Amino acid sequence: MQPTSDMSMITLVTNASIPVQLIMLLLVVISVLSWTFIFSKRSAIQTALKQTKRFENDFWSSDDLVRLAKSVSNAEGAQGALARIFEAGTIEFQKVRRTSPTADTNVTLDGARRAMRAAYQREMDDLDSHLNFLASAGSVSPYIGLLGTVWGIMHAFVGLANVQQATLASVAPGIAEALIATAIGLFAAIPAVVAYNRFTHDIDRLSIRFETFVDEFLNVLQRQVR
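Listed below in structure tokens is the structure:
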């Protein structure tokens with residue numbers, strides 16, 4: 001590494017050793033993917049919250065669940081996750097009533113309950129997608145950046161062996177370019193951790209609302225079969 005008076009970010013990165021540059025590139029890729037997932041997941045959760053609220057209003061204001069189920073089916077999933085859970089339960093409930101009209105109440109409701117639980121799990125899996133990547137990026141990125149920093153500092157001090165007189169000017173660029181790796185690692189990690197915690201909280205709230213709706217809808221179905 002050659003001493004340089006230019007301490008700009010671009011110069012430090014371009015003058016870094018190949019391993020440090022590869023680590024920086026990896027961290028940039030992780031950061032880009034994290035921000036992509038952050039924006040897409042934020043949009044998906046906001047849409048899910050709006051659709052859930054709208055369907056809850058439609059459900060409790062409707063006096064004809066059969067007509068509501070048909071409107072959900074015709075919308076082809078546009079009404080959201082909660083509507084699809086409702087649709088799964090309604091279809092299974094009607095199927096059992098048609099095939100076994102004299103079936104026990106518990107048997108009839110158990111089929112609807114299983115159908116809604118299966119739909120619930122599918123919706124939660126979809127909402128949880130890419131959260132593991134954000135969690136991994138938040139926990140691993142600082143260590144990847146630290147690896148680049150350690151390697152860069154080692155490279156800087158090894159380079160001093162060929163220098164007759166070691167000065168701050170000769171070692172400062174190497175240390176500075178090494179520390180950039182840690183900075184990039186933190187830049188990739190902090191947004192990922194914040195987003196992961198926020199999204200987990202929002203998804204937990206949706207999960208509670210879904211589970212509450214399943215219980216309430218089963219109560220409605222129970223009154224119908226009596």
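Residue numbers (the UniProt record's numbering): 1 to 226. Glycine included, every Cβ here is placed at the ideal spot set by N, Cα and C. Computed from a predicted model, the values in this text were never measured in an experiment.
Taking all protein chains shown into account, do 16 or more other C-beta atoms lie within 10 angstroms of the C-beta of residue i, making it buried, or fewer, making it exposed?
| i | result |
| --- | --- |
| residue 114 | exposed |
| residue 79 | buried |
| residue 29 | exposed |
| residue 31 | buried |
| residue 14 | exposed |
| residue 17 | buried |
| residue 25 | exposed |
| residue 22 | exposed |
| residue 157 | exposed |
| residue 66 | exposed |
| residue 123 | buried |
| residue 220 | exposed |
| residue 208 | exposed |
| residue 43 | exposed |
Candidates the options: which alpha carbon is nearest residue i's?
| i | options | result |
| --- | --- | --- |
| residue 138 | 58, 186, 181 and 207 | 186 |
| residue 257 | 96, 136 and 134 | Since the first residue of the chain shown is 1 and the last is 226, residue 257 is not available in this structure. |
| residue 223 | 198, 67 and 105 | 105 |
| residue 19 | 146, 189 and 212 | 146 |
| residue 150 | 39, 125, 178 and 100 | 178 |
| residue 184 | 125, 148, 118 and 198 | 148 |
| residue 35 | 191, 126 and 100 | 191 |
For residue i and residue j, I'd like the C-alpha separation in whole angstroms.
| i | j | result |
| --- | --- | --- |
| residue 41 | residue 130 | 8 Å |
| residue 142 | residue 182 | 6 Å |
| residue 210 | residue 58 | 15 Å |
| residue 155 | residue 37 | 35 Å |
| residue 135 | residue 82 | 26 Å |
| residue 64 | residue 51 | 20 Å |
| residue 215 | residue 204 | 17 Å |
| residue 89 | residue 116 | 5 Å |
| residue 196 | residue 68 | 35 Å |
| residue 4 | residue 189 | Since pLDDT at residue 4 reaches only 49, below the 50 mark, its modelled position is unreliable, and the value read off the structure follows with that caveat. Going from the Cα of residue 4 to the Cα of residue 189 covers about 30 Å. |
| residue 61 | residue 212 | 17 Å |
| residue 217 | residue 54 | 16 Å |
| residue 127 | residue 199 | 9 Å |
| residue 47 | residue 39 | 12 Å |
| residue 225 | residue 194 | 47 Å |
| residue 27 | residue 125 | 27 Å |
| residue 99 | residue 71 | 24 Å |
| residue 140 | residue 109 | 46 Å |
| residue 118 | residue 144 | 39 Å |
For the putative contact between residue i and residue j, defined by C-beta atoms under 8 Å, what is the C-beta separation to the nearest angstrom?
| i | j | result |
| --- | --- | --- |
| residue 133 | residue 111 | So it is not a contact: roughly 36 Å between Cβ atoms. |
| residue 85 | residue 120 | 6 Å |
| residue 206 | residue 33 | Not a contact, Cβ separation roughly 24 Å. |
| residue 73 | residue 56 | Their Cβ separation, rounded to whole angstroms, is 18 Å, which puts residue 73 and residue 56 out of contact at 8 Å. |
| residue 153 | residue 175 | 6 Å |
| residue 202 | residue 10 | With a Cβ gap of about 38 Å, residue 202 and residue 10 do not count as contacting. |
Does residue i get closer than 8 Å to chain C when you measure Cβ to Cβ?
| i | result |
| --- | --- |
| residue 39 | In the displayed structure, chain C is absent; only one protein chain is listed. |
Can you find a heavy atom of the ligand PLP that lies under 7 Å from the Cβ of residue i?
| i | result |
| --- | --- |
| residue 68 | With respect to the ligand PLP, the structure offers nothing, as it holds no ligand at all. |
In chain order, each alpha helix (DSSP H) run of at least 4 residues that lies wholly inside the UniProt domain "MotA/TolQ/ExbB proton channel" (84-211) = 105-128 and 131-159
Ordered list of beta strand (DSSP E) runs contained in the stretch 27-75, each at least 3 residues = none
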